[in-house]
Amino acid sequence: MIDLDARMMTLTMKTVVEDNTGDTFRQRAESYYQKRPQLIALLQDLYNGYITLSDRYIQTLAKSHRSNSSRISAVDFDKSDLEEEDGVTNVFDSDAESSLSYQQPPQIMLDGYGTSVGDAIVADLVIKNVEYDILQHEMGVIEQRSSESSRKIDLQKSLLEVLESERLILLNENARLRYRVNALVDENKGLASESILMKRKASELARCVLKMREGHRVFMLNRRIEDLQAQIYGLEKRNKEYYEQLVQRDQRVKECTGKKNVVEDVVVDDCSKREKQPNLRLKKGSIRGKKGHGWWKRFKNMDLFFCGLDLSCT
């Protein structure tokens with residue numbers, strides 16, 4: 001019984017401390033599940049104590065059939081022993097004590113048969129009280145379990161509500177993402193069409209560039225052809241001028257050749273005359289002959305082409 005008292009005090013102290021410290025439902029639930037085995041063990045010990053007390057009480061009632069005088073003292077001794085062993089069981093034994101105190105005056109006056117009947121009634125009352133306490137304890141356990149189940153149901157309902165709200169949020173998010181995907185698909189289609197148009201424009205621009213390059217090339221070729229034609233015209237003009245100059249030069253050369261023949265005839269006549277001079281002037285004539293021979297040599301070596309070009313030759 002001392003052990004039961006110590007265990008009860010420990011549980012009550014822990015309960016008071018945890019009630020002061022535990023603020024959340026999770027902490028209280030954890031503390032309850034931690035104390036549950038201790039509570040069950042304590043209730044089992046109390047139940048075993050009740051059974052033991054009832055057996056002892058029945059045994060004392062059986063002994064009271066043998067002697068009426070010793071029965072009263074034995075019942076008083078048992079009651080005092082019960083009160084000393086467990087202070088917690090006073091509430092449950094109060095009904096039995098009241099029944100005993102109520103039965104004591106008639107039991108003293110009745111004979112042995114009446115005493116046995118009264119003892120049987122008292123034993124039945126004690127058993128009924130113990131059964132009532134056990135049923136009450138079981139009802140408390142059932143109520144506690146029902147309260148726990150109701151709490152679990154409430155928690156599951158709240159969790160279900162949270163999950164439902166999350167589901168709605170996810171549905172809204174899914175709808176928003178679907179709308180965004182559709183918008184992106186439409187935008188992608190528009191960009192694809194724009195890219196096709198840009199490709200067409202790029203091909204057209206490339207064609208225009210090629211045409212411009214061809215036109216520029218044709219223009220440059222035409223310009224070069226014109227330059228070449230101008231050069232050809234200039235060359236033809238210069239060729240014509242050169243041809244005219246050559247014709248004039250040929251004419252002048254012919255004129256110069258005619259004059260040369262006349263000069264040669266004059267020189268021959270002059271030489272013949274000089275040979276007829278007297279011997280006194282031989283030396284002087286030889287010198288003059290040498291001079292005339294040098295002039296003739298220079299005349300032969302004369303470039304008639306430049307003479308034709310130079311107007312002073314005439």
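FYI, the numbering for the sequence shown is 1 to 314, going by the UniProt record's numbering. All residues carry an ideal CB built from backbone N, CA and C; glycine is no exception. Everything numeric in this text was worked out from a predicted model, so none of it was measured.
- Proximity of the region 134-143 to the region 53-61 falls short of the contact definition, fewer than three beta-carbon pairs being nearer than 8 Å.
- Taking a 10 Å sphere around the C-beta of VAL141, we find fewer than 16 other C-beta atoms and assign the residue as exposed.
- Burial check for VAL126: the Cβ neighbour count within 10 Å reaches 16 or more, so the residue is buried.
- Across the structure, SER150 and GLU143 are spaced so that their CA atoms are roughly 10 Å apart.
- A residue is called buried once 16 or more other Cβ atoms fall within 10 Å of its Cβ, and ARG252 is buried on that count.
- From the listed residues ALA120, LEU205, GLN231, VAL130, the smallest Cα separation to ASN48 is found for VAL130.
- In this structure, the straight-line span from the alpha carbon of TYR242 to that of ALA206 is close to 52 Å.
- Between the C-alpha atoms of GLU204 and LEU191 there is a straight-line separation of about 19 Å.
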